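Enquirer:
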Amino acid sequence: MNLSLTDPHYREKIKAQQALYQVIDPELFVNVIDLGLVYDIAFDESDTIHVTMTLSTPHCPMGEAITNGVRHALEIAFPGKKADIHLTFDPPWNFGMLTEEGRAQLGA
Amino acid sequence: MADINIGKAPPNSAVLPFYATAAVSFLALCLLLLAGAGSLTTHYFSPHLLAIVHTAALGWGTMIIFGAAYQLLPVVCERDLFSPALASLCWYTLTAGTALLAFSFLDFHTGWIMISGGALVVFSALTYFVNALLTSRVCVRYSAVRLFIVSSAAWLLCTVVVGLLLAINLAYPFFSKSHLEILKLHAHAGLAGWFLQLIAGISSKLVPMFLLGKSSKEKLLRYSWALQNAGLLLFLCDGYCSGITGRTLLYAALVTAGVICWLLYLHDAYRRRVRKSIDIQMKHTFISFLCLILALLLLPVILYARDYRWAVLYGTLLFMGWITGIILGKTFKTLPFIVWNGHYKDLSGKVKVPLPKQLYSEALVRWQFRLFIAGTVLLAAGIIAGSIPVIRVAACVWVLLSLVYALNVGKVLLHKTKVQP
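Chains as they are written, first to last, in this note's numbering: chain A, 1 to 108; chain B, 1001 to 1421.
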């Protein structure tokens, strides 16, 4: 997920990213941001936060828990807003999407 | 809302009873081992040993594999399980069938009770086959893993049908061939068809997933599937027509080559893994593979040695070393996640919830690993030395191991939701 200082929603995106650091993949014990599962977070004038994300594998047994975690964390960080999760497998997740911190947490 | 179906895990009622029953069966198996330590120094066709083997193969191995498979088939095939109701029904028939068979073998009471037990097990295998076939039939991606899952389910069905015929033959003899010769074919269809192919298929999906290591050599899995099935089919056809001969080694070599291809695939995934630390559950898996390799190396000895101890050692390495080893490790890689999902998937992100690994005792898993190694080494030593006291000590270690395992499984199954605001 890339953040730009010129983005008009930069502050909100930073806040959303901070909230998502708290959502942990229960199997890997690494948060969804450092795993590279979140592709984009978009804010508009409506009350909805649009999240484009993936899972490490389609039909991941922990998929529902992870997407629920993302939704709940954002709705707590932004009271009154709803989180809309757009799940995609294009591009599919791969190890290159891990951040340096994520790789370090996995012992890589 | 997520606009891609990420799938629903089957209801816990279709999965958890298998885990609970398997833990009880494992304890029963270890107690049978302790009570009948002497049977491991005699010919393998003895009532007590038959009861032990069927408790191990059906009550322990098949029971927990069914539970895990109903949970993992949707992950492998990337679609929901065809019928959770059929999976639940399967538990009733497998449990009743295994209990009837084990008790019938224990006092060698041939007749309708044994035949009914066999028929119930056949029904369970049929329901599993239907679920596996129809879940994988519309796989999004047609992989070698799917081939292993479908072929293993078909081999299980063949194995238990032959088992039922053997049970009928004991009460109402009708085979023109020797009962013991058919028994060898029945056992190897189960070992090399059902257990080997199912474990090869599921581990080829799970080991890379747990290690975060992807192998690009899927061709190895296809070779493995072809070699294992070619070796097994040739062995069964030749064994039925001409009995067990020196050619068996050729067929065993084909299956062994298939096993090597599968292990090379896993090794490639291991080498490329991102997750460097190896947990104790994965160490169980590595020890179990070692037991499988040792059992395969014993095959020429079994064929040419007159002593029954090598056949018993072969069976012990396969059931107690390989199959049990992989189950002991994988239980705590699957069960806590299934139970955690039931308790916490709707709470994730809302409140602070425990991690799946906090649902069981890691200290008990470390003891389980030590006891497993001690129990396997002692049991093998006792069988090789033909020493009943050593086998009895080994059986005590196994009883302790099964208690540790049952305690930890119980801790997970009886977990109560705990949240912190």
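Where is the CB? At the ideal position from N, CA and C, for every residue including glycine. If you're wondering where the values come from, they're calculated on a predicted model, not measured in any experiment.
1. List the whole-angstrom C-beta distance separating isoleucine 1373 of chain B from isoleucine 1287 of chain B, where the pair is believed to meet the contact cut-off of C-beta under 8 Å.
2. Let's see if you can read the secondary structure: which residues bound the beta strand (DSSP E) around valine 51 of chain A?
3. Taking all protein chains shown into account, decide if aspartate 44 of chain A is buried (16 or more other Cβ within 10 angstroms of its Cβ) or exposed.
4. Taking 7 Å as the limit between beta carbons, can you name the residues of its chain near phenylalanine 89 of chain A, skipping five residues before and five after?
5. What did DSSP end up calling alanine 1171 of chain B once you bin it into helix, strand or coil?
6. So the candidates are B/Thr1042, B/Ser1178, B/Asn1229; which of them puts its Cα closest to the Cα of serine 1151 of chain B?
7. Applying a beta-carbon distance threshold of less than 7 Å, which residues of chain B neighbour asparagine 68 of chain A?
8. Taking the alpha carbon of threonine 1021 of chain B as the point to measure from, which residue in B/Leu1050, B/Trp1091, B/Ser1083 has its own alpha carbon closest?
9. Identify the residues that DSSP records as bridge partners of phenylalanine 43 of chain A: which are they?
10. Comparing C-alpha positions only, which one of B/Ala1087, B/Leu1180, B/Ala1068, B/Ile1383 sits nearest to phenylalanine 1045 of chain B?
11. Regarding tryptophan 1060 of chain B and the ligand COA, is the C-beta to nearest heavy atom distance less than 7 Å?
12. CB-CB under 6 Å to threonine 1285 of chain B, same chain, minus the five flanking residues each way: which ones, in chain order?
13. Per DSSP, what are the beta-bridge partners of leucine 87 of chain A in this structure?
14. Buried or exposed: where does serine 1348 of chain B fall if 16 or more other Cβ atoms within 10 Å of its Cβ makes it buried?
15. Strictly below 7 Å CB to CB, what residues from chain B border histidine 72 of chain A?
16. Closer than 8 Å, CB to CB, is glycine 107 of chain A near chain B or not?
17. If the cut is a Cβ gap below 9 Å, which residues of chain A does arginine 1275 of chain B touch?
18. So which of B/Lys1333, B/Ile1244, B/Leu1407, B/Ala1226 has the shortest CA-CA distance to phenylalanine 1148 of chain B?
19. Any idea if histidine 1054 of chain B is buried or exposed, counting beta-carbon neighbours within 10 angstroms, 16 or more meaning buried?
20. Alpha carbon to alpha carbon, how far is leucine 1236 of chain B from cysteine 1291 of chain B?
21. How is alanine 1020 of chain B classed by DSSP in three states: helix, strand or coil?
22. In its own chain, which residues sit with a C-beta less than 8 Å from the C-beta of leucine 1303 of chain B, not counting the 5 before and 5 after it?
23. Start and end of the alpha helix (DSSP H) containing arginine 109 of chain A?
24. Within the chosen definition, does the region 1363 to 1380 of chain B reach the region 1335 to 1349 of chain B through at least 3 CB pairs nearer than 8 Å?
25. Under the rule that 16 or more other beta-carbon atoms within 10 Å means buried, what is isoleucine 1384 of chain B, buried or exposed?
26. Does the structure place the region 1070 to 1081 of chain B close enough to the region 1029 to 1036 of chain B that three or more beta carbon pairs sit under 8 Å?
27. Just to confirm my understanding: we take threonine 1110 of chain B, look at its own chain, exclude 5 residues before and 5 after, and list those with CB closer than 6 Å. What are they?
28. Any idea what DSSP makes of isoleucine 1244 of chain B, helix, strand or coil?
29. Whole-angstrom Cβ separation of lysine 1217 of chain B and aspartate 1268 of chain B, contact assumed at under 8 Å?
30. Between asparagine 1131 of chain B and chain E, is the shortest Cβ-Cβ distance under 8 Å, so that the two count as touching?
31. Using a C-beta cutoff of 8 Å, does phenylalanine 1337 of chain B count as contacting chain A?
32. Taking Cβ positions only, does tryptophan 1155 of chain B come closer than 8 Å to chain A?
33. With a threshold of 16 other CB atoms inside 10 Å of the CB of alanine 1305 of chain B, please say whether the residue is buried or exposed.
34. How many Å lie between methionine 1001 of chain B and valine 1259 of chain B at the Cα?
35. With a cut-off of 8 Å, does the C-beta of histidine 59 of chain A fall near any C-beta of chain B?
Expert: With the structure as the only source:
1. 7 Å
2. 48 to 53
3. exposed
4. Thr54, Pro58
5. helix
6. B/Asn1229
7. Lys1345, Asp1346, Ser1348, Gly1349
8. B/Trp1091
9. A/Ile49
10. B/Leu1180
11. What this structure holds is no ligand at all, so the ligand COA is not there to describe.
12. Ile1326, Gly1329
13. A/Met53
14. buried
15. Ser1348, Gly1349, Lys1350
16. yes
17. Leu28, Leu106, Gly107, Ala108
18. B/Ala1226
19. buried
20. 24 Å
21. helix
22. Ile1244, Gly1246, Thr1248, Leu1249
23. There is no way to answer for residue 109 of chain A, as the model of chain A reaches only from 1 to 108.
24. no
25. exposed
26. no
27. Leu1170, Ala1171
28. coil
29. 5 Å
30. The displayed structure is made up of protein chains A and B, and chain E is not among them.
31. yes
32. no
33. exposed
34. The pLDDT assigned to methionine 1001 of chain B is 41, lower than 50, so where the model puts this residue is not dependable; a value taken from the coordinates is nonetheless given after this. Taking the straight line from one Cα to the other gives about 44 Å.
35. yes
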